[in-house]
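Position 206 (the sequence shown) corresponds to 1612 in my numbering; numbering is contiguous.
Every residue gets a Cβ at the ideal spot worked out from N, C-alpha and C, and that includes glycine.
Bear in mind the structure is a predicted one, so any value in this text is a computation, not a measurement.
Have a look at the structure below before the remarks.
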Amino acid sequence: MKNNIYDVIIIGLGAMGSSSSYYLSKKGAKVLGLDIYRPPHELGSSHGHTRVIREAYHEGTSYVPIVQRAYELWNELDNESDEKLILEYGGLYFGNNTNYINNTKKSAKKYNIPLIEYSPTAIKEKFKVFNPSEKFNILFEKRSGAVFPEKAISTFLSKAQLLGSTHNYNEKVIAWEKVSDLYKISTDKEIYYSKKLIFTSGAWLKNLVPKLNLPLKIERQVLFWFSPKNSQELFNYSTLPNTGWDLDNGIEFYTQPNIEDKGFKVAKHHDGEFIEENDLKRDSNEKDLLEVREFLEEYIPSANGKLLDSRVCVYTDTPDFDFLIDFYNDDENIIICSPCSGHGFKFAPAIGEICSELITKKQTNYDINIFSTKRFM
């Protein structure tokens, strides 16, 4: 049994799990990471070629110090890596004076984040491809950009392994329990023991910690990439920012420019179909595509060209759409770190660092009170 005892076992090696493995291995911990598939994969929440990173966070001011730390860590990793892991090229936010716009301004004001306000007419003149409603308020954030999920996860995992972490893939956790002063993890292949546990399991979390009775929902989302009908040079990241759109019907869309010749990316944010863990339809359908094409035709018509690709991913949502980062029932040797409700990937290195601090020192310098599991108990 001795060889199968670890300092920390991490269950789930997507964004947060792979990052936690890396930052724990930097601290010298003996780490085992387990994943039901082989990451990076397209069966969870950590894929899609690019993900948006942004600083003036409309989801709440508590997120800003964490995402600012994430920017620092992404750039450190980028400088150390052969892969490009982060690009900063700007982002536009479109909406009425709703929480989306007002809370973006609130975060920017509190943390002195520069924002530029544009009129719809000015945006049409500056970028040519956008057709916003005349009643939209429009904000521009310079530091918004992209991070690259598959490249990032591969980087976290490879760096962690070089520092001594072990990662076992295609291995399903069947059960876990406390045995004396250790935790026993039973998989479909082996039994392991650990002094501490981190659950970063996304859509699989609820069934792994049933005693918490977490009110989580799994939401199907579809990502699309298009070849614009014309003026394709206007859709490259060197000339076009990310966009986020808060529409009058309460539905949000986001777009990312063409990066690495993958096409113009567009997706709906939330308002997806709720599903069970094992009932995810992996292909897009006509309804999915029609919703996106209708949005493009109204607001970015020249982007509504040939469909190049689509991918299905999942959000694992809390009722308030805030994260879960907390100890398990006040057991400071177990961390619950998931789900992220569809807006977590940009935080991955910072959350990995936070998990490494919590599991080794029982505390972190960041205010994570809003992420407590106790708000649902």
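Reduced DSSP category for residue i - H, G, I as helix; E, B as strand; rest coil
{"i": "Ser-1571", "result": "coil"}
{"i": "Ile-1559", "result": "helix"}
{"i": "Ala-1462", "result": "coil"}
{"i": "Val-1470", "result": "helix"}
{"i": "Thr-1661", "result": "strand"}
{"i": "Val-1698", "result": "helix"}
{"i": "Cys-1719", "result": "strand"}
{"i": "Glu-1547", "result": "strand"}
{"i": "Leu-1666", "result": "According to the sequence displayed, residue 1666 carries Glu and not Leu. Glu-1666: coil per DSSP, three-state reduction."}
{"i": "Lys-1712", "result": "strand"}
{"i": "Ala-1435", "result": "coil"}
{"i": "Glu-1683", "result": "coil"}
{"i": "Gly-1748", "result": "coil"}
{"i": "Phe-1753", "result": "helix"}
{"i": "Tyr-1443", "result": "coil"}
{"i": "Thr-1649", "result": "strand"}
{"i": "Lys-1565", "result": "helix"}
{"i": "Lys-1671", "result": "strand"}
{"i": "Ile-1415", "result": "strand"}
Closest by C-alpha distance to residue i, when choosing among the options
{"i": "Ala-1528", "options": "Lys-1516, Asn-1543 and Pro-1520", "result": "Asn-1543"}
{"i": "Ser-1425", "options": "Tyr-1660, Asp-1488, Gly-1466 and Ile-1760", "result": "Ile-1760"}
{"i": "Leu-1423", "options": "Lys-1767, Ile-1741 and Ser-1778", "result": "The amino acid occupying residue 1423 in the given sequence is Gly; Leu does not appear at that position. Per the Cα distances, Ile-1741."}
{"i": "Lys-1530", "options": "Ile-1706, Ser-1762 and Gly-1711", "result": "Ile-1706"}
{"i": "Asn-1502", "options": "Lys-1612, Ala-1566 and Leu-1545", "result": "Leu-1545"}
{"i": "Ala-1709", "options": "Lys-1668, Ser-1778, Asp-1736 and Gln-1638", "result": "Gln-1638"}
{"i": "Ser-1539", "options": "Phe-1533, Gly-1450, Phe-1632 and Glu-1704", "result": "Glu-1704"}
{"i": "Leu-1483", "options": "Val-1470, Arg-1444, Arg-1717 and Ser-1560", "result": "Ser-1560"}
{"i": "Leu-1629", "options": "Thr-1661, Thr-1606 and Gly-1418", "result": "Thr-1661"}
{"i": "Val-1414", "options": "His-1573, Gln-1474, Glu-1547 and Val-1698", "result": "His-1573"}
{"i": "Phe-1680", "options": "Ala-1609, Pro-1555 and Leu-1764", "result": "Ala-1609"}
{"i": "Tyr-1477", "options": "Asn-1636, Lys-1590, Phe-1751 and Leu-1430", "result": "Phe-1751"}
{"i": "Glu-1763", "options": "Ser-1427, Phe-1554 and Met-1783", "result": "Ser-1427"}
{"i": "Asn-1613", "options": "Trp-1651, Asn-1636, Pro-1745 and Asp-1677", "result": "Pro-1745"}
{"i": "Lys-1584", "options": "Val-1698, Val-1615 and Lys-1712", "result": "Val-1615"}
{"i": "Ser-1487", "options": "Ser-1564, Asp-1689, Asn-1739 and Val-1718", "result": "Ser-1564"}
Exposure label - residue i; buried when at least 16 CB within 10 Å
{"i": "Ile-1459", "result": "buried"}
{"i": "Pro-1647", "result": "buried"}
{"i": "Pro-1663", "result": "buried"}
{"i": "Ser-1586", "result": "exposed"}
{"i": "Leu-1568", "result": "exposed"}
{"i": "Ser-1747", "result": "buried"}
{"i": "Gln-1627", "result": "buried"}
{"i": "Ile-1492", "result": "buried"}
{"i": "Asp-1736", "result": "exposed"}
{"i": "Glu-1625", "result": "buried"}
Distance cut-off 7 Å: residue i Cβ against heavy atoms of the ligand SAM
{"i": "Trp-1651", "result": "Because no ligand of any kind appears in the structure shown, any question about the ligand SAM cannot be addressed here."}
Any 3 or more C-beta pairs closer than 8 Å across the region 1635-1642 and the region 1431-1439: no
At least 3 beta-carbon pairs within less than 8 Å: the region 1618-1626 vs the region 1717-1736: yes
Length at least 3, wholly inside the region 1575-1632: the beta strand (DSSP E) runs in chain order: 1579-1585, 1588-1593 and 1597-1605
Cβ contact check for the region 1596-1610 and the region 1653-1668: 3 or more pairs under 8 Å: no
Three-pair Cβ contact test at 8 Å for the region 1571-1580 versus the region 1729-1739: no
Cβ contact (3+ pairs, closer than 8 Å) linking the region 1461-1481 and the region 1494-1513: yes
The region 1504-1523 / the region 1665-1674 touching (three or more Cβ pairs under 8 Å): no
Length at least 4, wholly inside the region 1447-1531: the alpha helix (DSSP H) runs in chain order: 1470-1486 and 1505-1516
Contact between the region 1766-1779 and the region 1441-1458 (3+ Cβ pairs under 8 Å): no
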